[in-house]
Amino acid sequence: MEPSFWADPINIFLLVLFAGLLGCSAFFSGTEVAMFSLNQIQLQQMAKEKHPRLALIRRLLSDPRNLIATILIGNELVNVAASNISATLLIKFLGGEDKWWVNIFIMLPILLLVGEITPKTIAVRNNIAFAGIVAPIIASFMTFITPLRRVVRWVANIFITMIVGPQTEKQQTVTEEMVRSLTEQATQDGVLDETEREYIHNIFVFGNSRVQDIMVPRARIIFLPKQSTWQDAIAAFQQTGLTRIPVYEGHRDDILGILHVRDMIKVGPELAKSPQGWMSLLRKPYFVVGNRLVSDLFQTFRERNLSHAMVVDEFGGLIGLVTMDHLLGTIFGDLHSPPTNVLPAAASPQTADGCYLLDGILSLTGFNQLTGSNIDIPDVQVETLAGAILYHLGELPAQGQKVIFSGWEFHASEVENNRITKVRACRLSTVTYGKQPELPPATTSVPLIASQAEPLSNAQTTENKEL
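1 is the number of the first residue of the sequence shown in our numbering; add one for each residue after it.
Below is the structure:
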């Protein structure tokens, strides 16, 4: 050690300057973390509290590239300067320029501890307070180094363009996956309960679902022919409990209108005298294609004050019916009755021999949940148990005909009007049986409408009811 080291005022000045540069390094490191860790919720909290520096912080964050460039330029300048001063002091203190390498082992822990870890830890724990303190200082420094910052950004842009190509449109800052992840984290932390989590996830399902995914299929709609009398119409409402029924002429694809029970009640005495006086009460039906987004139809329902629509395919054929309740049910579930894709234990269809007696229109999802199976038919639009049987047979089965697949033996117990109305399902002791194809495991799960274990006529009466 040089004997005159502490007596030299220049060395004392360099030590003080070195300490100041370390403080500046801590300032820039903490500023980076504090500013960029602020989220929208914290900014809204600052707005409610009328934080005096909120406007300045928002202005700085509105141009993040300039802000990060300013912080990094300042941090690099003070770190390089501190390292050079440290090397100079060590050479003077130890004597001999061959001791320069000692500076590496001294500066590395000092910069990590004082210039990086400590200030960043403090800043991330108190980012609102830290950002409020440093905002005016970093704003002034940003203005001061504007020429240098522009040169650095210009050079950086050249290298970035060479590596990743020209700048594209600004990417979406908040994605669906981010919201889903935050929702899961909030549920684990107890901020949201399971019901709230499900509602949030269902909002994305709502935005991506098609009308044909949630509609009541044509086979389950109650219709009223045009030639029906006033008494027939009244009886239909009384027997089914519905509040509106589609009326057709000739063929069920030719819908004349929708008959509302409220309209019949209002003008009943006057029109009851005429057998078909109720025809004047029909409301014009609204038709929608099956591949339309549920969210778009919901907006249309609101704008036109509609509560239901008839669903048609690309050829104009009627394929189903959808109501406002079905749309809202995509988010909130069944609004008025238990889910129909799961059979309640009280109405278990299992027979004494361990088999199941089921409606043909039971969804594959409902069957899987009831029996613990995993039947799925990828890449084919098959939604129901009857559809799966038709898919494997390739033709309409005769009553009592059976088919085996996925470890089950299915019997077409009842076949009426070209439809499989009842199915008897028996689990096999082994999956391999004969040469029937084995379906691959399910890859997706689509919520489908399914009936409970009751006569089809009863299940039908709840599907196009105004709930």
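Each residue gets a CB set at the ideal place from its N, CA and C atoms; glycine is no exception.
- Message: Does any residue of chain D have a CB that is nearer than 8 Å to the CB of A26?
- Response: Going by chain labels, chain D is absent from the structure shown, which holds only one protein chain.
- Three-state class that DSSP yields for G320 in the structure shown: strand
- Item | When M178, S86 and Q45 are compared against L17, the one with the closest alpha-carbon | S86
- Item | DSSP three-state assignment for F36, whether helix, strand or coil | helix
- If you compare alpha carbons, which of G320, Q185, A135 and G400 is closest to L357? G400
- Query: Taking all protein chains shown into account, do 16 or more other C-beta atoms lie within 10 angstroms of the C-beta of E49, making it buried, or fewer, making it exposed?
  - Reply: exposed
- Message: Does D376 come out as helix, strand or coil in the three-state DSSP assignment?
- Response: coil
- Query: In terms of residue numbering, what span does the alpha helix (DSSP H) encompassing G394 cover?
  - Reply: Run containing G394: none; DSSP gives neither H nor E here.
- Task: Have a look at T63 and F301 and give me their C-alpha separation to the nearest angstrom.
- Result: For the sequence presented, residue 63 should be read as Asp rather than Thr. In a straight line, the C-alpha of D63 is about 41 Å away from that of F301.
- Please work out which residues of its chain come closer than 6 Å, Cβ to Cβ, to A34, disregarding the five sequence neighbours upstream and downstream, and give them in chain order. A123, N127, F130 and A131
- C-alpha gap between V152 and L67, whole angstroms: 13 Å
- Going straight from the alpha carbon of S4 to that of F93, what length do you get? 9 Å
- Spell out the partners DSSP gives A309 in its beta bridges. V322
- Task: Mind checking who A425 pairs with in its DSSP beta bridge?
- Result: Y356 and F410
- Task: Going by CA-CA distance only, name the one from E314, I319 and A186 that's closest to V216.
- Result: I319
- Item | Spatial distance of R262 from A186 (CA atoms) | 45 Å
- Query: Anyone know if the C-beta pair for M310 and P246 falls short of 8 Å?
  - Reply: yes
- Contacts around F237, its chain only, beta-carbon distance under 8 Å, and the 5 residues preceding and following it disregarded: T243, I245, V261 and M264
- Meets three-Cβ-pair contact criterion under 8 Å: the stretch 323 to 334 and the stretch 253 to 260: no
- Who are the Cβ neighbours of T161 in its own chain at under 6 Å, not counting the five residues just before and after it? none
- Who are the Cβ neighbours of A471 in its own chain at under 7 Å, not counting the five residues just before and after it? There is simply no residue 471 to check, as the chain begins at 1 and stops at 467 in what is shown.
- Residue interval of the beta strand (DSSP E) (run including Y487): The requested residue 487 does not occur in the structure, where the chain is confined to residues 1 to 467.
- Going along the chain, which residues of its own chain have a beta-carbon closer than 6 Å to the beta-carbon of L21, five neighbours each way excluded? V78, A81 and A82
- Which value, in whole angstroms, describes the spacing of the CA atoms of L61 and I138? 12 Å
- Message: Just to confirm the assignment: which complete alpha helix (DSSP H) runs, minimum length 4, are found wholly within the stretch 77 to 157?
- Response: 102 to 110, 118 to 125 and 127 to 144
- Identity of the residue in K422, A26 and K120 nearest S37 by Cα: K120
- Are there 16 or more other CB atoms within 10 angstroms of the CB of A346, so buried, or fewer, so exposed? At A346 the pLDDT is 34, less than 50, meaning the model places this residue with poor confidence; the figure from the coordinates comes in the next sentence. Flag for A346 reads exposed.
- Message: So, at 6 Å on beta carbons, what are the nonlocal neighbours of F298 in its own chain, with the 5 sequence-adjacent residues on each side left out?
- Response: L327
- Query: Roughly how many angstroms lie between the CA atoms of V134 and M178, to the nearest whole one?
  - Reply: 30 Å
- Hey, how far is the Cα of A7 from the Cα of F13? 11 Å
- Boundaries (first-last residue) of the alpha helix (DSSP H) holding I203: E194 to N208
- With 16 other CB atoms within 10 Å as the buried threshold, where does G329 fall? buried
- Task: May I ask you to report which of helix, strand or coil DSSP gives P217?
- Result: strand
- Reduced DSSP category for D63 - H, G, I as helix; E, B as strand; rest coil: coil
- Task: Would you mind stating whether I203 and I331 have Cβ atoms separated by less than 8 Å?
- Result: yes
- Task: Compare the C-alpha of H308 against each of F287, Q188, G316 and G317 and name the closest.
- Result: F287
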